[in-house]
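Note that numbering that gives the first Met the number 0 gives residue 95 to position 96 of the sequence shown, counting from 1, and the numbers run on in steps of one. Down below is the structure, laid out as structure tokens.
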Amino acid sequence: MKATSKVLVGRQKSPWLAVNLSAALPGMGQIYEGAIARGLVIIAAHLGLVVFIFWSIFAPRGNTLRGLITLIPLLSLYIFNLWDSHHAAKRGITLNEFSPLRYQSSDPWYPVFLSQILPGLGHLFLQQTTVGGTLLILGIFTAYLANFNSALLPIPPIVWAVSCGLVYRAAPARQRQWSWLGGLLVTVLITRLAISSIPFVVPQKVVQCIVPSESMLPTLEVRDRIFVRPRTFEYSLAVGDIVVFSNPERTPIEQAGELKNLMVKRVIALPGQQVEIRDGQVWLDGIPLVESHLTAPILYQWGPQTVPTNHLFVLGDNRNNSRDSHVWGFLPQAHVLGNAYKIYWPPERVQPLP
0 MKATSKVLVG RQKSPWLAVN LSAALPGMGQ IYEGAIARGL VIIAAHLGLV VFIFWSIFAP
60 RGNTLRGLIT LIPLLSLYIF NLWDSHHAAK RGITLNEFSP LRYQSSDPWY PVFLSQILPG
120 LGHLFLQQTT VGGTLLILGI FTAYLANFNS ALLPIPPIVW AVSCGLVYRA APARQRQWSW
180 LGGLLVTVLI TRLAISSIPF VVPQKVVQCI VPSESMLPTL EVRDRIFVRP RTFEYSLAVG
240 DIVVFSNPER TPIEQAGELK NLMVKRVIAL PGQQVEIRDG QVWLDGIPLV ESHLTAPILY
300 QWGPQTVPTN HLFVLGDNRN NSRDSHVWGF LPQAHVLGNA YKIYWPPERV QPLP
């Protein structure tokens, strides 16, 4: 019996190490157990779902609601990935040897898993309340501060990784697996840093705005939520683009740092182009501008005038009920936040914008 026991121990894989690896990077626990094909499938499935979610939410033709709903199978797959990694590591070993109670009390990787959930939880499980409480407060506090200061972004992942390392040292164990700990901590640090970076990276590429008025009917309705590509996205404006901009009738000092009181209109003419409004329509460089999105002829006359350098001529699609360039003149390009490219909410209004 003793010889058989030694063989089992030699082949033994730690279920909670597998769970830790899969928690840090889905599929890695399965690869650790030798189920390489299954691990790669789980990795590919997670990546595929994440890509689909981002595409559905942010791509012009993606369906925002479908992307949000896909979070449910992603979370389900992640939970299954944790269960499967734990279950697979226990194959060939008796239930008595690997009961949850025994693992929770003797496996040093179990408190590490708790500390992946929240720093300090593993120490609290080991009844080290002072260290555990300190790490828990530090983790939550630094994560909160990082929401307001991107310079603090690396701090919470470091706290999480340090907490996992410290609790592994503190947990009672007959044998340590330091090489696996090092790899796990690096993975925890990288993945948590990547995830926590998303709220800071996305606003640099996409800005969310709410349509404030009926001036862009029927294209945009009041309270439509739209995605806007910031000017830093290096997008070249064209006639027909829908742009979001700060109110040109207010000074930059009055609206510095504000995302309120923004306006949304359609670009009608670019610098150097001559624009005129007569006979119920827009004339651009002497040629009538075809606008299929309009539902009524324009009731006023304007121009002709040439758009100055670094300016735009913009109008609302609800031409006769819009305060725009025909009222306050040309729009300085410096006021432009970016171009609107998608209605992302409400669900029944989701559509790309020209």
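We treat Cβ as the ideally placed atom computed from N, Cα and C, and that holds for glycine. Bear in mind that the values here come from a model prediction, so they are computed numbers and not experimental data.
Just how far apart, CA to CA, sit residue i and residue j?
i: L117; j: L137; result: 10 Å
i: K341; j: M215; result: 14 Å
i: L183; j: E32; result: 15 Å
i: Q126; j: P110; result: 11 Å
i: M27; j: T190; result: 13 Å
i: H115; j: L20; result: The displayed chain sequence assigns Gln, not His, to residue 115. About 10 Å.
i: F244; j: Q273; result: 22 Å
i: H85; j: N146; result: 34 Å
i: S324; j: I241; result: 14 Å
i: Q350; j: F53; result: 16 Å
i: V49; j: L74; result: 11 Å
i: Q300; j: G285; result: 15 Å
i: Y143; j: P303; result: 55 Å
i: G256; j: A333; result: Summary for G256: the model assigns pLDDT 46, below 50, so the residue's position carries little reliability; its value from the coordinates is reported in the next sentence. Rounded to whole angstroms, G256 to A333 spans 14 Å at the Cα level.
i: W177; j: G132; result: 25 Å
i: G354; j: Y343; result: This structure gives no information on residue 354, because the portion of the chain shown stretches from 0 to 353.
i: R10; j: I225; result: Unreliable positioning characterises R10 in this predicted model, as indicated by a pLDDT of 45, which lies under 50. The coordinate reading is nonetheless provided below. Their Cα atoms are separated by approximately 56 Å.
Are the CB atoms of residue i and residue j nearer to each other than 9 Å?
i: L188; j: W159; result: yes
i: I30; j: L16; result: no
i: G328; j: P270; result: no
i: V313; j: I267; result: yes
i: L67; j: I42; result: no
i: A169; j: V130; result: yes
i: R222; j: N338; result: no
i: L288; j: V238; result: yes
Between residue i and residue j, how many whole angstroms is the CB-CB distance? I'm expecting something under 8 Å.
i: I56; j: T63; result: 5 Å
i: V263; j: L219; result: 7 Å
i: R230; j: L352; result: Contact flag wrong, Cβ pair sits at about 17 Å.
i: L81; j: A22; result: 6 Å
- Message: Would the stretch 314-329 count as touching the stretch 281-298 if we require 3 or more Cβ pairs under 8 Å?
- Response: yes
- Message: Threshold first: 4 residues or longer. Then list the alpha helix (DSSP H) segments lying entirely within the stretch 107-157, N to C.
- Response: 108-116, 120-124 and 128-145
- Query: Counting only runs that start and end within the stretch 148-233, where is the alpha helix (DSSP H) found for 4 or more residues in a row?
  - Reply: 154-169 and 177-204
- Does the stretch 169-180 come close enough to the stretch 193-208 that 3 or more CB-CB pairs lie under 8 Å? no
- Enumerated in chain order, which unbroken segments of the beta strand (DSSP E) with a length of 3 residues or greater are wholly contained in the stretch 310-343? 310-314
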